[in-house]
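A.B. asks:
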Amino acid sequence: MLFEEYKYFHYQFPEPQYLGAKHTHLSWINRFIPKGISTVFDAFSGSQSVSFLFKQLGFKTITNDFLNFNNQIGKALIENKSFNLDDEDLITLFQKSPDKNDFTLIENTFTNVFFEREEAVFLDNFRANIPLLDNEYKQALAFAVINRSMTRKITMGHFGHTQALIYANDPERIRRNRSLIRPIKDLFLDLLPSYNNAIFDNSQDNQSFNDNILDLLPKLSNIDLVYFDPPYCDSHADYQGFYHLLETYTEYWKDKEFVNGTKRYEPQRYSGFDKKRNVISSFEKLFELSSEIHHWLISYNNRSYPEINDFKKLIMKYKDVTIETKTYQNGRGGKGSVAGSQEILFVCKPRKAHFISTQKQEQLA
Ligand SMILES: C[S@@+](CC[C@H](N)C(=O)[O-])C[C@H]1O[C@@H](n2cnc3c(N)ncnc32)[C@H](O)[C@@H]1O
């Protein structure tokens with residue numbers, strides 16, 4: 000029985016570098032997954048770390064993130080049962096693209112921002128070749144690994160600053176992190192085996208979506224457990240500010256402007272969960288739309304808005320809830336995870352009916 004439960008645990012999730020990723024909390028979260036469930040939904044899935052745990056546990060796993068570069072990881076590692084990138088695919092990806100002249104967005108926009116020209120041209124050429132791979136899972140895998148290579152190359156692993164080339168020319172920084180000066184192609188080839196080895200079939204038809212959660216929920220049914228890991232509003236919630244380059248690379252926008260020193264795309268996608276002015280009404284809608292799902296797990300942080308007791312009241316309209324906490328020992332892990340801040344998990348179950356005896360009712364009358 001125990002063996003059955005852990006039979007996919009020799010597959011390893013390729014370590015992400017993503018604000019608020021939960022890969023370091025998985026065994027803690029696992030303790031609160033209820034027994035006897037079969038279909039689970041990771042509603043704000045980011046790096047897909049929690050979906051990967053769900054897949055390992057043998058559940059039918061549905062995953063969603065409104066940013067497409069995260070959806071590509073979901074397609075590659077959660078939905079995909081068997082396709083990996085082999086030597087022939089690498090020849091396709093690294094060949095001189097026949098459509099090279101139509102693919103110049105990264106060179107034109109990000110040369111001398113995050114990359115030297117040569118690296119930007121390499122990225123455009125690689126991007127032009129991705130659609131030549133012969134199925135969507137191979138394509139998704141190519142996106143997942145090249146995007147991860149970019150976060151490895153760029154200092155601090157995000158694109159919300161303009162220090163990349165300054166740090167990549169600083170001998171002390173390079174000594175500490177050689178990835179800053181390594182060609183993206185080499186980083187890609189180093190990372191690929193860990194992704195190829197993470198692909199498995201858990202005998203379920205898992206699905207990855209790329210939608211705003213409030214639009215997607217009404218279209219889903221028969222879910223036993225939903226996991227919510229929304230941006231921690233008021234405490235690092237700017238996913239599009241941090242990862243705009245990966246979304247631009249994946250979408251290869253034709254209809255956006257690129258603004259400020261980092262060349263972030265504009266207009267951004269609408270979240271509803273990252274700004275104080277609309278977060279409460281978004282949660283109200285989220286919980287109403289999820290009321291039929293029996294079990295909810297919600298990750299939260301004691302520095303987020305709304306504060307914990309107000310947030311609990313929003314949940315208690317629909318569920319009975321207990322609050323579990325885990326204190327950070329250090330500041331690693333991003334998203335409000337500074338030393339002393341707490342990772343919180345709201346464990347929510349169907350409300351127990353509260354019966355009042357006839358005698359009590361008579362006394363109250
Ligand atoms: C805290 S992160 C999730 C981290 C994830 N659990 C992990 O382990 O990597 C929150 C995610 O919510 C996504 N997001 C924000 N607003 C959204 C919305 N309205 N619908 C769907 N996803 C959204 C962001 O793109 C971000 O990836």
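Each residue of the sequence shown is one higher than the one before, counting from 0 in numbering that gives the first Met the number 0.
Every residue gets a Cβ at the ideal spot worked out from N, C-alpha and C, and that includes glycine.
1. Could you name the residues of the same chain whose beta carbon sits closer than 6 angstroms to that of Lys-334, not counting the 5 residues immediately before and after it, in chain order?
2. Answer with buried or exposed for Pro-229, where buried requires no fewer than 16 other C-beta atoms within 10 angstroms of its C-beta.
3. Beta strand (DSSP E) containing Lys-388: first to last residue?
4. I'd like to check one pair, Asn-211 with Phe-65: are the Cβ atoms closer than 7 angstroms?
5. In chain order, what residues of the same chain lie with their CB nearer than 6 angstroms to the CB of Gln-239, ignoring the 5 residues before and after it?
6. What residues are listed by DSSP as bridge partners for Lys-255?
7. Using a threshold of 6 angstroms, is the CB atom of Gly-45 nearer than that to any non-hydrogen atom of ligand 1?
8. Between Ser-340 and ligand 1, is the CB less than 6 angstroms from at least one heavy atom?
9. Would you check if there are 3 or more beta carbon pairs closer than 8 angstroms linking the region 88–106 to the region 291–307?
10. Give the straight-line distance between the Cα atoms of Thr-247 and Arg-350, rounded to the nearest whole angstrom.
11. For the structure I just gave you, are there three or more beta carbon pairs, one from the region 200–216 and one from the region 70–88, closer than 8 angstroms?
12. Can we say the region 30–37 touches the region 162–178, given the rule of at least three CB pairs closer than 8 angstroms?
13. Between Phe-123 and Ile-105, which are expected to be in contact by the criterion C-beta below 8 angstroms, what is the C-beta distance as a whole number of angstroms?
14. Determine, using beta carbons only, whether Thr-38 and Asp-223 come nearer to each other than 7 angstroms.
15. In the region 268–311, which residue ranges form an unbroken beta strand (DSSP E) of at least 3 residues, counting only runs that do not cross its ends?
16. What are the start and end residues of the beta strand (DSSP E) that includes Lys-95?
17. State the start and end residues of the unbroken alpha helix (DSSP H) segment that holds Pro-170.
18. Would you call the CB atoms of Pro-13 and Ser-193 closer than 7 angstroms?
19. Going by DSSP, what residue range makes up the beta strand (DSSP E) through Ile-183?
20. Can you name, in chain order, every residue of its own chain whose Cβ lies under 6 angstroms from the Cβ of Tyr-226, other than the five neighbours on each side?
21. Along the chain, where does the beta strand (DSSP E) containing Asp-41 start, and where does it finish?
22. CB Thr-91 to CB Asn-128, shorter than 7 angstroms?
23. Tell me which residues share the same chain as Tyr-317 and place their Cβ nearer than 6 angstroms to its Cβ, disregarding the 5 neighbours each side in the sequence.
24. Give a single yes or no on whether Leu-66 has its beta carbon closer than 6 angstroms to a heavy atom of ligand 1.
25. Less than 7 angstroms between the C-beta atoms of Ala-163 and Leu-76, yes or no?
26. What are the boundary residues of the beta strand (DSSP E) that Ser-61 is part of?
27. According to DSSP, is Gly-332 helix, strand or coil?
28. Buried or exposed: where does Gln-47 fall if 16 or more other Cβ atoms within 10 Å of its Cβ makes it buried?
29. Is the beta carbon of Lys-284 sitting closer than 7 angstroms to the one on Leu-213?
30. Let me check you understand the geometry: is the CB of Gly-271 closer than 6 angstroms to at least one non-hydrogen atom of ligand 1?
C.D. replies: This is what the structure holds:
1. To locate residue 334, count along the sequence shown from 1; it is residue 335. Because the pLDDT of Lys-334 is 44, which lies under 50, any placement of that residue in the model is unreliable, and the number read from its coordinates should be weighed accordingly. Closer than 6 angstroms at Cβ, skipping near neighbours: Leu-18, Gly-19, Tyr-231, His-235.
2. By one-based count along the sequence shown, residue 229 stands at place 230. Looking at its Cβ environment, which holds 16 or more other Cβ atoms inside 10 Å, Pro-229 is buried.
3. There is no way to answer for residue 388, as the model of the chain reaches only from 0 to 364.
4. Start at 1 with the first residue of the sequence shown, and residue 65 comes out as number 66. Start at 1 with the first residue of the sequence shown, and residue 211 comes out as number 212. Result yes, Cβ atoms of Phe-65 and Asn-211 sit closer than 7 angstroms.
5. If you number the sequence shown from 1, residue 239 lands on position 240. Cβ within range, chain order: Gln-267.
6. As a working note, residue 255 is residue 256 in the sequence shown. DSSP lists no partner for Lys-255.
7. Locating residue 45 in the sequence shown gives position 46, where the first residue counts as 1. Gly-45 Cβ: within cutoff of ligand 1.
8. Counted from its first residue, the sequence shown places residue 340 at position 341. False, no ligand heavy atom lies under 6 angstroms from that Cβ.
9. no
10. On the sequence shown, position 248 is the one that residue 247 refers to. On the sequence shown, position 351 is the one that residue 350 refers to. Near 43 angstroms, if we compare the C-alpha coordinates of Arg-350 and Thr-247.
11. yes
12. no
13. Walking along the sequence shown from the start, residue 123 turns up at place 124. Walking along the sequence shown from the start, residue 105 turns up at place 106. It is worth fixing the name first, because residue 123 is Asp in this sequence and not Phe. Rounded, the Cβ-Cβ distance is 5 angstroms, consistent with contact.
14. Residue numbering aside, residue 38 sits at position 39 when the sequence shown is read from its first letter. Residue numbering aside, residue 223 sits at position 224 when the sequence shown is read from its first letter. Cβ distance < 7 angstroms, so Thr-38 and Asp-223 count as in contact.
15. 294–300
16. The residue given as residue 95 occupies position 96 in the sequence shown. From DSSP, Lys-95 is part of no beta strand (DSSP E); its letter is neither H nor E.
17. The residue you call residue 170 lines up with position 171 of the sequence shown. 170–175 is the extent of the alpha helix (DSSP H) around Pro-170.
18. Locating residue 13 in the sequence shown gives position 14, counting from the first residue. Locating residue 193 in the sequence shown gives position 194, counting from the first residue. Going by C-beta atoms, Pro-13 is nearer than 7 angstroms to Ser-193.
19. On the sequence shown, residue 183 is found 184 positions in, with the first residue counted as 1. Counting along the chain, Ile-183 falls outside any beta strand (DSSP E), though it belongs to the alpha helix (DSSP H) covering 183–195.
20. The residue given as residue 226 occupies position 227 in the sequence shown. Result list for Tyr-226: Asp-41, Val-49, Leu-296, in chain order.
21. As a working note, residue 41 is residue 42 in the sequence shown. Its beta strand (DSSP E) spans residues 38–41.
22. Taking the first residue of the sequence shown as position 1, residue 91 is located at position 92. Taking the first residue of the sequence shown as position 1, residue 128 is located at position 129. Result yes, Cβ atoms of Thr-91 and Asn-128 sit closer than 7 angstroms.
23. Along the sequence shown, one-based indexing puts residue 317 at 318. Same-chain partners within the cutoff: Phe-286, Ser-290.
24. Translated into the one-based positions of the sequence shown, residue 66 becomes position 67. Yes, ligand 1 has a heavy atom inside 6 angstroms of this Cβ.
25. As a working mapping, residue 163 is identified with position 164 in the sequence shown. As a working mapping, residue 76 is identified with position 77 in the sequence shown. Result no, Cβ atoms of Ala-163 and Leu-76 do not sit closer than 7 angstroms.
26. By 1-based counting over the sequence shown, the position of residue 61 is 62. First, the residue type needs correcting, since residue 61 is Ile and not Ser in the sequence shown. First-last of the beta strand (DSSP E) with Ile-61: 59–63.
27. Taking the first residue of the sequence shown as 1, we reach residue 332 at position 333. Confidence at Gly-332 is low in this model, with a pLDDT of 46, below 50, so its placement is unreliable and the value that follows should be read with caution. Three-state result, Gly-332: coil.
28. Mapped onto the sequence shown, residue 47 falls at position 48. With 16 or more Cβ atoms within 10 Å of its Cβ, Gln-47 is classed as buried.
29. Taking the sequence shown and counting its residues from 1, the one referred to as residue 284 is at position 285. Taking the sequence shown and counting its residues from 1, the one referred to as residue 213 is at position 214. Yes. Within cutoff.
30. Stepping through the sequence shown from its first residue, residue 271 is reached at position 272. Under cutoff, so the answer is yes.
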